[in-house]
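Contents: one structure, followed by commentary.
In the numbering used here, the protein residues as written are 13 to 304.
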C-alpha cells in the first residue's frame, strides 16, 4: 500500500439494514483495536475526525456505526462523507440481508423495526431499504449476512480487517451455484457454465472441484485454461487500480449450475494466479458446498 495512504486518518462507516449485524461488526472491530462509536449522528463525523487528528497515534482507526436510528440526521450521510477532509480515508461498510432473514431476526428478539411505526416489521424493512438504496450502491464493501450467524459474521470481519495493512487488496474469490441465487455482495461475476457439467458423469457426480479428477476434467475442457489465463490477465490492472484508489476489499465470484464442480475448479485455479500478484492477498470461499 502506498505510504501516503498509511499516514492518513482512517474512518470506517458501518451502516446498512437494521438487524443485519451492525452491533456484531462493531464488537469485532473493537476486538481488533478500532475505536468504535455506536449510533453516531453523521454531523458528528467531522468533529470526531478532528479529535482523532489531535490524538494522533492513539486513535489511528475509527469505526462509526451510523444508521436510521439517527432519524433526520441520517439523510445527509452521503453529503457529509463527500465533504470529509481529503487527508482522511473514509470507507463505507454496508451490511445487508434478505427481507425474510431480517423479519426472522426481529421476531426472535421481539423488538419493533425502527421505521415500522404502526405497521408491520416488513413495512419498516421496506421503508428502510428504500432510504438505503443509494448508499448501498456507493458503499466500498457490501456484506450479505443472510446466511451468517453472529460467530460467522465476527470471523468474516476479523479475516477482512485483522491484517489488511499487509496487503493493498484483500481479495475474496467465491464459487457459487446459480440455482441457489446470485450473490449480492460481489464486485464482479463470471459464468462457468460454458463448460461441460461433470454432474452428468456418474463417476464424477459425487466429487467436487476440489478433487483432482474433477479439476482435471474441468480444466482440461476446451477454453477452460484460456478463460482462467485471460481472466487473470484482465484482472491485473483492475486490482492495481483498486490499490491506487485505496479499495482494500474486493469480491469476485464464479458461478456454475450447482456451485460444486466447474465454478469450484475455476475458482481454485484463478486463486493460484491472482495470489502471485503484488499487494494481493487471496481468500477462497465455496458458498454452496454441501447444499446437494
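Even for Gly, the Cβ is constructed at its ideal location relative to N, Cα and C.
| Query | Result |
| --- | --- |
| On the DSSP bridge assignment, give the partners of residue 73 in chain order. | 22 |
| What separation, rounded to the nearest whole angstrom, lies between the Cα atoms of residue 2 and residue 213? | What the structure shows of the chain is the stretch from 13 to 304, and residue 2 is not part of that stretch, so it cannot be assessed. |
| Report the residue ranges of all alpha helix (DSSP H) runs contained in full by the stretch 74-116; include only those spanning at least 4 residues, in chain order. | 89-94 |
| Just list the alpha helix (DSSP H) runs in the stretch 153-221, keeping only unbroken ones of 4 residues or longer that don't cross its boundaries, in chain order. | 162-173 and 214-217 |
| Would you be able to state if there are at least three C-beta pairs under 8 angstroms between the stretch 278-295 and the stretch 242-256? | yes |
| Determine, using beta carbons only, whether residue 114 and residue 30 come nearer to each other than 9 angstroms. | yes |
| Do the stretch 152-169 and the stretch 231-245 make contact, defined as three or more Cβ pairs closer than 8 angstroms? | no |
| Are the Cβ atoms of residue 266 and residue 193 separated by less than 9 angstroms? | no |
| Are any of the Cβ atoms in chain C nearer than 9 angstroms to that of residue 35? | No chain C appears in this structure, which consists of one protein chain only. |
| With C-beta atoms as the reference, is residue 278 less than 9 angstroms away from residue 226? | no |
| Do you know offhand how far residue 100's Cα is from residue 125's? | 33 angstroms |
| Near residue 169, what residues of its chain come up, given a Cβ to Cβ distance below 7 angstroms and the 5 sequence neighbours on each side ignored? | 37, 40 and 41 |
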